[in-house]
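Number of protein chains: 2
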Amino acid sequence: MNFGFLLFPDVEELDFVGPWEIIGMWSKMFDGPEQCLIVSQEGQAVRCAKGLQVKADHSFETCPPLDYLLVPGGQGTRREVDNAELISFVQKQAAGCRQVLSVCTGSFVLQAAGLLQGKRATTYWRSLDLLGKLPGVSVVEERFARDGDIWTAAGVSAGIDLALALIADQAGPETAGKVQLAVEYYPSTKRYGQAHLSPQAPGYLKESK
Amino acid sequence: MNFGFLLFPDVEELDFVGPWEIIGMWSKMFDGPEQCLIVSQEGQAVRCAKGLQVKADHSFETCPPLDYLLVPGGQGTRREVDNAELISFVQKQAAGCRQVLSVCTGSFVLQAAGLLQGKRATTYWRSLDLLGKLPGVSVVEERFARDGDIWTAAGVSAGIDLALALIADQAGPETAGKVQLAVEYYPSTKRYGQAHLSPQAPGYLKESK
Numbered sequence: 108m109n110f111g112f113l114l115f116p117d118v119e120e121l122d123f124v125g126p127w128e129i130i131g132m133w134s135k136m137f138d139g140p141e142q143c144l145i146v147s148q149e150g151q152a153v154r155c156a157k158g159l160q161v162k163a164d165h166s167f168e169t170c171p172p173l174d175y176l177l178v179p180g181g182q183g184t185r186r187e188v189d190n191a192e193l194i195s196f197v198q199k200q201a202a203g204c205r206q207v208l209s210v211c212t213g214s215f216v217l218q219a220a221g222l223l224q225g226k227r228a229t230t231y232w233r234s235l236d237l238l239g240k241l242p243g244v245s246v247v248e249e250r251f252a253r254d255g256d257i258w259t260a261a262g263v264s265a266g267i268d269l270a271l272a273l274i275a276d277q278a279g280p281e282t283a284g285k286v287q288l289a290v291e292y293y294p295s296t297k298r299y300g301q302a303h304l305s306p307q308a309p310g311y312l313k314e315s316k
Numbered sequence: 108m109n110f111g112f113l114l115f116p117d118v119e120e121l122d123f124v125g126p127w128e129i130i131g132m133w134s135k136m137f138d139g140p141e142q143c144l145i146v147s148q149e150g151q152a153v154r155c156a157k158g159l160q161v162k163a164d165h166s167f168e169t170c171p172p173l174d175y176l177l178v179p180g181g182q183g184t185r186r187e188v189d190n191a192e193l194i195s196f197v198q199k200q201a202a203g204c205r206q207v208l209s210v211c212t213g214s215f216v217l218q219a220a221g222l223l224q225g226k227r228a229t230t231y232w233r234s235l236d237l238l239g240k241l242p243g244v245s246v247v248e249e250r251f252a253r254d255g256d257i258w259t260a261a262g263v264s265a266g267i268d269l270a271l272a273l274i275a276d277q278a279g280p281e282t283a284g285k286v287q288l289a290v291e292y293y294p295s296t297k298r299y300g301q302a303h304l305s306p307q308a309p310g311y312l313k314e315s316k
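Residue numbers (my numbering), protein chains in the order written: chain A, 108 to 316; chain B, 108 to 316.
Structure follows, in structure tokens:
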């Protein structure tokens, strides 16, 4: 089994490294997918939104068939939704995937590839309205959403929650719990200051007050 | 202001990318440190514990004086605690830093550099006993611990909580809240399966049941 992570310039770091860590722990310690692969269009190293430079394992051309594909978000998605080669890669790989996932504004790439047609999906809180204006998508304000084999997460850090939920679904909750302990993911629930009270805050956050 | 992230082979990915994302958002959006820098011994790209390959911005030689230094953990720390050049780099930089931080088993590097002498500190749950056997450290089972200008986090994902607490301390809780919203860090509190009930689970986890 191959789990691919799609990278492009100005991808947001935690969008993919959060899931990469979770899926990598599943892969290496608890019989998850054999290979976790970083894929970029030409196989080139990518400079991320906050400046981290990450090498790729494969180009679109050399990338083997994927069983899982994760599309992260970040400023770069604004450009990539119009990148015909990248959208074509997502479409071709998705056709053979068990599950396809996005984090943050990676959902706009899935939408551009036609994968959100008639689906419930979510995205970064600041982009919920914009996603809702695109045809075919039913936007929900949840930490993450699953609709069939399409999984979409809210912003940046939400990819960690998404990845654990995927493992629970694919390998069972005990395996997800072992991964959770291995990465010591028992996060603080502290909310600093007043920013989370913004009227633009996502629905799941308001409900959990 | 310069915020340095120390990388070495087999560093754990989320240990540094969690804080990198949080500190990077502070830096770029909310008047945090001007520069966030990845530093490795020879300035070489590093292969992380789960296979991600990351480029460095600086070697030990070219690295400018740092105001903040973060040492992540991972399997590689077992080797690096005996790496005299790396320990010397940490000692020299720490002497000029406002704050020094570790995530996961990065605390063993701080200990080897003499920075945990007489300090309360924490580490990855599986390494708490081992850290407690080293001279000078007073081990606490908290999500993260601060003692003066030394900050230590529990395992892997705990660096995110650490980084937000650092920002709250250095720039105030309103700034930390803005960063928290920007990375949409309102994590799920779900615990999968039974793994978190392990007798070896850290104290803060048992108390929060």
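Glycine is no exception: its CB is placed at the ideal position from the N, C-alpha and C atoms.
As the structure is a prediction and not an experimental result, all values here were calculated from the model.
*Skipping 5 residues on each side, what residues in its chain have a beta carbon closer than 6 Å to that of residue 133(A)?*
Correct list, in chain order: 139, 274, 286.
_Reference residue 258(B); option with closest CA among 124(B), 137(B), 176(B), 144(B)_ = Shortest Cα-Cα distance from residue 258(B) to any of 124(B), 137(B), 176(B), 144(B) involves 176(B).
*Taking only beta-carbon positions, decide if residue 268(A) is within less than 7 Å of chain B.*
The beta carbon of residue 268(A) sits closer than 7 Å to some beta carbon of chain B.
*asked:* If distances are taken between C-alpha atoms only, which option among 210(A), 212(A), 216(A) comes closest to residue 88(A)?
replied: Lying outside 108 to 316, the shown extent of chain A, residue 88(A) is not represented and no answer is given.
*How would you write the range of the beta strand (DSSP E) that residue 111(B) sits in, first residue to last?*
Its beta strand (DSSP E) spans residues 109 to 113.
_Cβ shell of residue 269(A) (< 7 Å), same chain only, five flanking positions each side left out_ = Within its own chain, the residues whose Cβ lies closer than 7 Å to the Cβ of residue 269(A), once the five positions on either side in sequence are excluded, are 126, 208, 210, 251, 258, 260, listed in chain order.
_If you reduce the DSSP assignment to three classes, tell me which class residue 292(B) lands in._
DSSP places residue 292(B) in coil when its eight states are reduced to three.
_Helix, strand or coil, according to DSSP, for residue 245(A) in the structure here?_
Under the three-state reduction of DSSP, residue 245(A) is assigned to strand.
_Output needed for residue 266(A): all residues of its chain with C-beta closer than 6 Å, excluding positions within five of it in sequence on either side, in chain order._
Excluding positions up to five away in sequence, the list reads 122, 125, 126, 210, 260.
*Assuming residue 195(A) contacts residue 166(A) under a Cβ cut-off of 8 Å, what Cβ separation, rounded to an integer in Å, is found between them?*
Contact between residue 195(A) and residue 166(A) does not hold, since the beta-carbon distance rounds to 14 Å and is not under 8 Å.
*Taking residue 184(B) and residue 213(B) to be in contact with their CB atoms under 8 Å, please state how far apart those CB atoms are, rounded to whole angstroms.*
Contact holds; Cβ gap of about 6 Å.
*Does residue 54(A) get closer than 7 Å to chain B when you measure Cβ to Cβ?*
Chain A is shown only over 108 to 316; residue 54(A) falls outside these bounds and no answer can be derived.
*asked:* Please classify residue 226(A) as buried or exposed, where buried requires at least 16 other C-beta atoms within 10 Å of its C-beta.
replied: Buried, since its Cβ has 16 or more Cβ neighbours within 10 Å.
*Look at residue 181(B) and residue 117(B) and say whether their C-beta atoms are less than 7 Å apart.*
Residue 117(B) is positioned such that its CB atom lies closer than 7 Å to that of residue 181(B).
*Pick out whichever of 315(A), 141(A), 284(A), 160(A) has its Cα sitting closest to the Cα of residue 301(B).*
Checked all of 315(A), 141(A), 284(A), 160(A); the closest Cα to residue 301(B) is 284(A).
_Where residue 193(B) sits in the DSSP three-state scheme_ = In the three-state DSSP reduction, residue 193(B) falls in the helix class (H, G or I).
*Expressed to the nearest angstrom, what Euclidean distance is found between the alpha-carbon atoms of residue 149(B) and residue 310(A)?*
Answer to the nearest angstrom: the Cα atoms are 47 Å apart.
*Does any C-beta atom of chain A lie closer than 7 Å to the C-beta of residue 295(B)?*
Chain A, which has a Cβ nearer than 7 Å to the Cβ of residue 295(B), makes this yes.
*What three-state label does DSSP hand residue 234(B) in the structure shown?*
Three-state result, residue 234(B): helix.
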